[in-house]
Structure formats: C-alpha cells, structure tokens
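**Student:**
Number of protein chains: 4
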Amino acid sequence: MGAVTIKNLTIGDGGLVVMAGPCSIENRDQLIEIAREVKNSGAVILRGGAFKPRTSPYSFQGLGEEGLKYMKEAGEIAGMLTVSEVMDSSDIELVASYVDILQIGSRNMDNFALLKKAGQSGHPVLLKRGYMSTIEEFLLASEYLLKEGNRRVILCERGIRTFEKFTRNSLDLTSVPIIKKMSDLPIIVDPSHGTGRADAILPMSKASLVVGADGLMIEVHPNPKKALSDGQQTLDYPAFREMMDELKHLHSFLHNRSYSEAPAQMKAV
Amino acid sequence: MGAVTIKNLTIGDGGLVVMAGPCSIENRDQLIEIAREVKNSGAVILRGGAFKPRTSPYSFQGLGEEGLKYMKEAGEIAGMLTVSEVMDSSDIELVASYVDILQIGSRNMDNFALLKKAGQSGHPVLLKRGYMSTIEEFLLASEYLLKEGNRRVILCERGIRTFEKFTRNSLDLTSVPIIKKMSDLPIIVDPSHGTGRADAILPMSKASLVVGADGLMIEVHPNPKKALSDGQQTLDYPAFREMMDELKHLHSFLHNRSYSEAPAQMKAV
Amino acid sequence: MGAVTIKNLTIGDGGLVVMAGPCSIENRDQLIEIAREVKNSGAVILRGGAFKPRTSPYSFQGLGEEGLKYMKEAGEIAGMLTVSEVMDSSDIELVASYVDILQIGSRNMDNFALLKKAGQSGHPVLLKRGYMSTIEEFLLASEYLLKEGNRRVILCERGIRTFEKFTRNSLDLTSVPIIKKMSDLPIIVDPSHGTGRADAILPMSKASLVVGADGLMIEVHPNPKKALSDGQQTLDYPAFREMMDELKHLHSFLHNRSYSEAPAQMKAV
Amino acid sequence: MGAVTIKNLTIGDGGLVVMAGPCSIENRDQLIEIAREVKNSGAVILRGGAFKPRTSPYSFQGLGEEGLKYMKEAGEIAGMLTVSEVMDSSDIELVASYVDILQIGSRNMDNFALLKKAGQSGHPVLLKRGYMSTIEEFLLASEYLLKEGNRRVILCERGIRTFEKFTRNSLDLTSVPIIKKMSDLPIIVDPSHGTGRADAILPMSKASLVVGADGLMIEVHPNPKKALSDGQQTLDYPAFREMMDELKHLHSFLHNRSYSEAPAQMKAV
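Here it is, written out as structure tokens:
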C-alpha cells in the first residue's frame, strides 16, 4: 500500500487531503490569517512559496528564508503541515528545517541532481509533473527519489503545455487513473496551475476527486487581485470555503461515508 | 436556454444523454444487437461510422450508404436516435436521410465548406472539436453552423493532440466549464477518442459529468479486440453496463434526484 | 523520377520554382500588377486565394469564382501558371476550369473526401501539410491522391502548431530531407504561413533551398499593411525582388551553375 | 557587439565555430582519439558529457569528475577548448576547473538557481533552449546569467517537443533570425538533439548557417551504434569530415571569402 504518512497525517488512504495557501508568501500576518482560514475550511497542509521560480529574473523572487520562518510559525499556529518549494540542491536542508514537505516544482522535474539529493535527504517530497513531461517521464523522475530509499513521495498533476490559449496549461486528468495503475504513490492535482483560471478550480477539483486523486493543491489569497503572483488562478476565502463544502459532499458520496465519521482531513495534525 | 430538441429527446436540459455504439458499422445483425444492448443499459442515441475518416487510404473506409441503412433500421428497432459522420458536403442529404444527427468529425472541424452546408441543411449537427483546435476556434467553427440559422448544434470535446504518449489524445476537460460560460450550446464528451484507452473511459466519463457535460459518446462493441477500428478504446457490453450504472448513480447525486423519477435517458424516443 | 510537369513547367528537377502572389485576391487590376511584378522577379506560378478558409465566418471569405476569373486572366497576361485553393469537393471542377493547380490547404489535409475527388479529377494538386499533422500523416494524405492514379502531386511544408508564440507556426524544415528519402514527390516550402513573420521569410526561404526543397510559396502584396488577410507575413515588391536575387545566387551555388544557363525559373511557361 | 571571447577563440564574429564530440565521455583513450579527429576536420571546441541528465535513474549517468579529467587532457592534446554540462549549482566550480565552457542543458533551462550561480561564477556558459520553452522564455533565462554580470553567454537552439514522431524534437530554426534581432548573444544550433537523426544533421547544419547561426554542436563517435547514449543522432568520423567540408564550402560562399584566408575555425586555440 502506497499511502504516505507525515507526522500524524496520512495521504493516499482514501481521505481528502487539501493543501492550500498563497502562491507566494507575502508577509507574516497575512500568512497566519490565510492558514487559519484554510484550516477552518478543511485544508490540512499549508502551501506557500518562499523561493519562487520566475520566468524573468526581474519578477518578484520570493522572501527566501524569511518566508520559510513565517511558514513554520503559521503552520504551528493553525495546526497544519507545511509544504514549500526547494529550487536548489544546496537549499534542501534549509527548507526542510522549516517545512514538513519539500516541493519539487514543475520546472525542476528534470533537475535530476535536485531529485537525487532530495531522495537522499529522506524528507517527504511533493513532486510536480513537468509541464512538458510525459507520464512516463514523470514516473521515472519519481524513481530518482525512490531509488535513494525515500518512499515518502507524493505526485502532483498540474497540467501540461499545449497550444490551447484560454487556459494557462491543459490539465491532464487522465494521468491520474493511469498513474494509479502503474504506481502506488499518492497523487494529488493542482487545478490552480493546471488551468490558470479561478473559475475552473471548482469543477476541475471535483473532477480530480472523481478520477481518483488523493488530494488537491489550491492557491488561496484574501485578495487575489492584489496577490504578488498568480492572482488570476487564486481563490478568495469565500470561494475556497464553498469549494471545500462541495468537495466534502462529493467525497463522502464517492466513499460512501458521512463526514461526521471523522474524515481524514479533520484529523488533528 | 440552449437545449437542443431532436424528435422527442432534449439534450442540454440536465439529463444524462449517452450516445453509444461501434466505431465502424460492421454488419446489420451486429449493429442491431449492439443497439439493443446499449439501449438496455441506458444509452439513447446510437452512434456508428459508415463513412470513416482514416489516416491511410488503405485502411477500412466504412460501409458507406449500406451502413447508413443498417443505422436507420437498428435505431428504429431499438427505439434510439442515430448519429453518423458526414465527411463531404455533397453527402449531407444522403446521410441526413438515414440518421437523425449529422456528425462533423474532428478532422473536419476546419472544413468550412462542410460546416456552411451543414448549417444550411438545418439538420441537427454534432460538432467535434478539432484535435488541434483551440477552444476559441471550436466556438468559431460552431458559428459557421449558427450563422446559417441552424440552432440544433451539439458540441463534443474529444481530446487534443499533445506530446503525451500513454494516451491517444489529451482529454481537455477544462474546455467544458469554459465553453459553458461562453456558449449556451450543449456539450458532450467523447472519452473513447479523448483517451484512446478502454481503462480510462469510466473515470473520464464520471469526470465529464462532474464538470458539467450534457452527455457522453462511448464506443461499444461485443468484442473490442476484433473490432475493425479503434478496439483499444472500446468497451464491451458488461463494461458498458457497469459504467452506465455508475454514471446514473453519480448523475442522480449531482442533480439531487433519484433515477426512479423518470430520468432523461429513460424517456422513450 | 518524381518530377511533376504541368504545361511546360517541371517541378522537382532541380530548378527553383517560386509561387508568389497575394494571400487573398482583392481585385482584378491589383492581381494583374502583382503577377507582372513577381514574374519579373523570377516567380513562375501565381498564387492567390479566391475561396478562403477563415477561422471565423465573420471574416472576409474571398471573392469566389470572380476571383478565379481574375487569376486566369492575370496568369495569361503575366505568362505564369496559377494555383488557388479548393475547399469543397463540389468545387473541384469549377476551380480547375480557371487555374492550373488545385491547392488543398492545411486545414483540409484531413478532408479525405476532398483528397479522393481531387485525386480522381486528375488535376495537378498542391497538398499542404496539416498544421497538426505528422510527416507520416502528410505522406498518407498524399497516398489518397496517388491511389486514384493522380501522379501530379506537389507537397508543401507550411509549419506546425506548437506552443511557440513569436511565430504563427513552427516551420518544420527537417521534414524536407525526411520526405525526400521517403517519397519522390516534389516538396516546396511556404515560409509565409510557416513563420507568420515577414522578417523570417528570407532566411527561412534560403534554408529551405539548402535542405533540398524544390520551390517556395511566398505571399506578396503591394502594401502588406493594407492586405485583406495575412499582411504581417507578406513581402512587398522590393523585399520580394531582393529575396529572389538572393535565392538565385544561393541556388546557383548549390547547383553549381550560373543563372545565365537558362535556369528553370526563367523558362517561358 | 555581442561576440564572446574565450581564451583565443571568438564566437559570434562571423566565423564558423563547431563543437563536436561524443554524447557521453566513455573512456580516456577514445575521447583523445575523437578530439584529434574532430579537430582535424575543423572543430574547435570538444564537447562531451560527464554528468548526464538521463530520464531514468537506471540509465548510464556519466563518468562524473573522472570524465572531466579526460576532457581537460583531450582538449589540451588536441588543442581545443572544451564544453561539458553542469547539472547542479554545487558542481559549478568543479566543472569549471576542468572545462572552458559550462553547458546548461535543455532540461535545466528553467533551473533558475543554477542559472543564477552560473551567472555569478563568471565562467562562459552555453545555454541550451528548453525543449518546451518559448523563445521569450529562452531569452529571459539568458537574462538570469546576464543580470549577474556574466556576459560570456552563448545560446543554443536544440529543438522543441511537438507531436511529430519521425524526429526526436522539431528543430525550430526560425528562432535563430528572431533571436538575432532581439539579442546580441551568439547562437549556435545542435541538430543532433534537434532532430535525433544522423541523416538530418548535414542538411539542418547547412540550414543553420544560412539562417545566421554562429556555430554548431554535433555529436561524433567512432562507432555510433555502440555509443553509450544517443547513437542514432551521432555521426561517425567520415560523415563528420564530409559534413565539415560541405559546411566550410557553404560558409565561405555565405561570407564571400575563401578558406585559404585563415577562417575562424582554423585559428589555433
């Protein structure tokens, strides 16, 4: 069985695991507020970028270590696990000293040096599919982690680059059932990056559950229009809360159980 | 309201409309058998190709008019509407004399002469998205039909060509909620072509309902391994029946009603 | 040997065959002027669209048969062969009654009904690669023409759809040497559509000759900024003349002969 | 003027700079033999992979530092500059202690941490275009290097991922004249990776010169069928020699000078 346990949270055991938070960590107070909000709505892992991979060197690059400190504090206050991206093999221990899960981003899925060292580190890893990677390449990238003995690997489908222009990427949901047949690693879906559109997050999140995803990663911000990055694919608090309600309802239908029976995402962490 | 009514069937009113049948019409008796089977499982429209667009001129090209005669007979016997592809503007009236809905296939979405004449014909049209077409181009293609005054147009998402190799196409389900915002035409999904894999049809069909699709088009054959075309993306009878059961269950959850309340797909046609 | 002879012009025998003219035929006098200009610069075939495949039904659709009449007249006055697109199988004889070569456009490469009837017609055909077609599919499309006994087929590479945004298409020049190994049909290149940029036409035209193309198709207009379609990928007269000079110089280098030795493109037609 | 000078070699001044060598460094004696061979044919920079980015962790990963030692020795013996890939920011100084130019490979074009540190290092960098990157993203990646004050940056077009299957990638030669307009950095072309086919290397190399490339990177091996990686896109010695002869002939035509006039690639290094 491929479920991954991190502290007291298990991912891949049939529960609905939602990771939520801002694209970029912007400041301490805002992050704590967001953490409380998304926790109240049912999210169990706080996401937030401190080291940001930006196409242009002239774009905001993230708060770096300062941001990681805020992550640690916000996670503790809200009672959530935390995940943040590591972009450089030399930063692995730094990032891991503040957050529970190392994210390897889409642009670094082919960064085999980073994969190897993240595998050796033993820290839980969230591996995002490269936006230009086939499913086969995605699974082989996960092998770089597994080969080093690190079994706490969570996959994340986040859309691929195609010719379509109304969406930032084309979310390839068919990858989920295919990967479920070929690998026993948990897989979650990121419809924020996968579509680039706030109005597509809810339907594509529901579709993700239906095709068998073990969880979701969602960008949430108190005021998406003022977010320092990715505002157009970010939910505000009320939209996130509504979405979580719909997802719980659907999840309980899919798993034939009611949410009063202590669902996974309600476990204390 | 953009629902389309053809004879006594309405598509786009919240009911679950499933089109099913073989990729290619192979012979009369088999087609009648398939029609009865898929009708019993809940399909309301019989699909089957008589004129087949094949990449190679040396592949089986379909039975032509003979196949259309079988479609008409099988549809009448089973009590189903029928849909079949027209590939040439000069065949529009021929095809329309046998079947209820003209299909314009993915490879002909850019065949503007065919679109114009199909629009002028006034016959109901199922327009498939070009496998290399953007959503915008897809909607503009539908405008070729609408501009001629033909309002009975049903759209069909069927996957786009990408670099991914484990699937025949990448099913772009995000197109469904986007198109729902931009057009009031009904839209169905074809997960058979959209994935090219029998094992992906069930999960992607369920996901299609969840994102708002008005129906599905599914390839069904008594013995997919022996089908003259597309066997690897075709369900056999038991798999189709099981799928329909799951879809009805999900549809009734999504629409908050039970299937004892005379659901759309049970309407006599 | 796969050279194609149309009237007194041979394509595919080592000569440089340039087809030039406006994207859309706009009016009689302008077309005659363009024909004389491009003939003077060394083009031997006049191109011009009368039936235009446009993404939107609300865009200019071409002059239709009236435009074809102008083509015939302009070709006769300038002493050039003519090529124009046919979009519908029922128009084949109409178009062929005015022009020497039927063009089957990129959007119709998969229109197998049109291919079959164009093959049966026996008229010379210029077959453009589908913008979403593999080389294998392109060659199989040409088989639809050849299978009907029509050997006068000229292929045209015109770029494929990719994720790149600085160009309208990605011109796939590697297809030329590959097709040269697999087929003996002549192949020309259309850098106007293949790049969508006037500033890329000259370098990509030269590259086309170097990789073995038998000719080129170039959009020329007296005032590209005012052209009814595709102005951004169209050369004006001086740019076309300069380009032709460079191409002749390069062609004579590649073929080790001087242009005083009656090169192909100087043959009277 | 954007020419880059490394030791006594200038790239981007109109000379023909060819980088050649094996995909992977396999052993010392073979590398020295290859270096002498390609130098004799006119190459001036020896390429060879010591750290290999492989899709699967179970494929040959390269000789690592041992391979770099062989590079240094082979370059000195043959009188060539050397280039080899660095995959991890922590290896920059190690690689730079052995070779003259750091290669940042296609899979790491989005590895912004590596780009920043390579920029800070001040060592000459050969930056390959990501196989799924737009031209704009490619130029922005080069900005990561330039922003740190490192001006010795050479770009390399190496093909993009498309749906085409007869080639490993689609070599996007149109990028060369476009980049020449937007940047003054030298740009070379890698037709080995760009096509994945030995039979396409010669025509696409010639086309690269014609569109304005400042050089080429070519995979050469004494016995391509036995190469540890990429044999199908590798030239043997006679094919490389012939190619170099053709390229010199074409280059001297393009630059209106004869090769007796001390061409760039004959400069001692």
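Chains as they are written, first to last, in the numbering used here: chain A, 578 to 846; chain B, 578 to 846; chain C, 578 to 846; chain D, 578 to 846. Virtual Cβ for every residue (Gly too), placed ideally from N, Cα, C. This one's a predicted model, so the numbers in the text were calculated from it and none came from an experiment.
1) Would you mind telling me which residues of chain B sit closer than 9 Å to K724(C), beta carbon to beta carbon, in chain order?
2) With distance defined between alpha-carbon atoms, name the residue in A775(C), L658(C), D791(C) nearest to F817(C).
3) So, are the CB atoms of E725(C) and S752(C) less than 8 Å apart?
4) Please report whether the beta-carbon of D687(D) lies at a distance below 8 Å from any beta-carbon of chain A.
5) Helix, strand or coil for V595(B), going by three-state DSSP, please let me know.
6) For H700(D), collect the residues of the same chain with a Cβ closer than 6 Å to its Cβ; drop the 5 residues on either side in sequence, then sort them by chain order.
7) In this structure, does DSSP put R729(B) in helix, strand or coil?
8) Can you tell me whether A655(D) is buried or exposed, with buried defined as 16 or more other CB within 10 angstroms of its CB?
9) Considering only residues of the same chain and omitting the five flanking positions on each side of L579(C), which have a CB-CB separation below 8 Å?
10) Does DSSP put V787(B) in a helix, in a strand, or in coil?
11) Looking at the structure shown, is E614(A) part of a helix, part of a strand, or coil, going by DSSP?
12) For chain D, is any of its Cβ atoms less than 8 Å away from the one on V788(C)?
13) Rounded to the nearest angstrom, what separates N800(A) and S719(A) at their Cα positions?
14) Could you name the residues of the same chain whose beta carbon sits closer than 8 Å to that of T811(A), not counting the 5 residues immediately before and after it, in chain order?
15) Between the stretch 705-720 of chain C and the stretch 704-722 of chain D, do at least 3 Cβ pairs fall closer than 8 Å?
16) Run through chain B and tell me which residues come within less than 9 Å of Y675(C), C-beta to C-beta.
17) Got a sec, what are the start and stop residues for the beta strand (DSSP E) E661(C) sits in?
18) Just curious, the beta strand (DSSP E) that G792(A) is in, first and last residue?
19) Strictly by DSSP, which residues pair up with L624(A)?
20) Tell me, to the nearest whole angstrom, how far the beta carbon of L786(D) is from that of H826(D); I am working on the premise that it is less than 8 Å.
21) Leaving out the 5 sequence neighbours to the left and right, which residues in its chain are closer than 6 Å to I602(B) when beta-carbon positions are compared?
22) Under a CB-based cut-off of 8 Å, is Y836(A) close to chain D?
23) When DSSP labels each residue in this structure, what does V753(D) get in the three-state scheme?
24) Quick one: give me the first and last residue of the alpha helix (DSSP H) that V672(D) is part of.
25) Applying the 10 Å Cβ sphere with the 16-neighbour rule, what's the burial state of S636(A)?
26) Would P630(A) and F830(D) qualify as a contact pair, given that the criterion is a beta-carbon distance under 8 Å?
27) Along the chain, where does the alpha helix (DSSP H) containing I654(D) start, and where does it finish?
28) Using DSSP with H/G/I as helix, E/B as strand and the rest coil, what is K629(A)?
29) Taking any Cβ of chain C, which residues in the stretch 718-748 of chain D have a Cβ under 7 Å from it, in chain order?
30) Using the beta-carbon count (16 or more within 10 Å), is T659(A) buried or exposed?
31) Any idea if E653(A) is buried or exposed, counting beta-carbon neighbours within 10 angstroms, 16 or more meaning buried?
32) In three-state DSSP terms, what is T772(D)?
33) Between the C-alpha atoms of N604(A) and D767(C), what's the straight-line distance to the nearest angstrom?
34) Drop a sphere of 10 angstroms on the beta-carbon of D665(C), count the other beta-carbons inside from all chains shown, and report buried for 16 or more, exposed for fewer.
35) Applying the criterion that 16 or more other CB atoms from any shown protein chain within 10 Å of the CB defines a buried residue, is D668(C) buried or exposed?
**Tutor:** To lay it out plainly:
1) P634, Y635
2) A775(C)
3) no
4) yes
5) strand
6) A673, L679
7) coil
8) buried
9) The sequence shown places Gly at residue 579(C), rather than the Leu named in the question. The answer, listed in chain order, is G589, S760, D761, L762, P763.
10) helix
11) helix
12) yes
13) 35 Å
14) P599, C600, S769, A775, E796, V797, H798, P801, A804
15) no
16) Those do not exist, as Y675(C) stays about 17 Å from chain B at its closest Cβ, beyond 9 Å.
17) Sequence inspection shows Ser at residue 661(C); the Glu mentioned does not correspond to that position. Unbroken beta strand (DSSP E) run through S661(C): 658-662.
18) 792-796
19) In the sequence on display, residue 624(A) carries Arg and not Leu. V660(A), per the DSSP bridge assignment.
20) Actually they do not touch by this definition, with Cβ atoms about 11 Å apart.
21) L608, G625, A627, L640, G644, Y647
22) Here the model assigns Y836(A) a pLDDT of 44, short of 50, so the residue's position is not dependable and the matter cannot be decided.
23) helix
24) 669-673
25) exposed
26) no
27) 642-655
28) coil
29) I737, T739, F740, E741, K742, F743, T744, S747, L748
30) buried
31) exposed
32) helix
33) 53 Å
34) buried
35) buried
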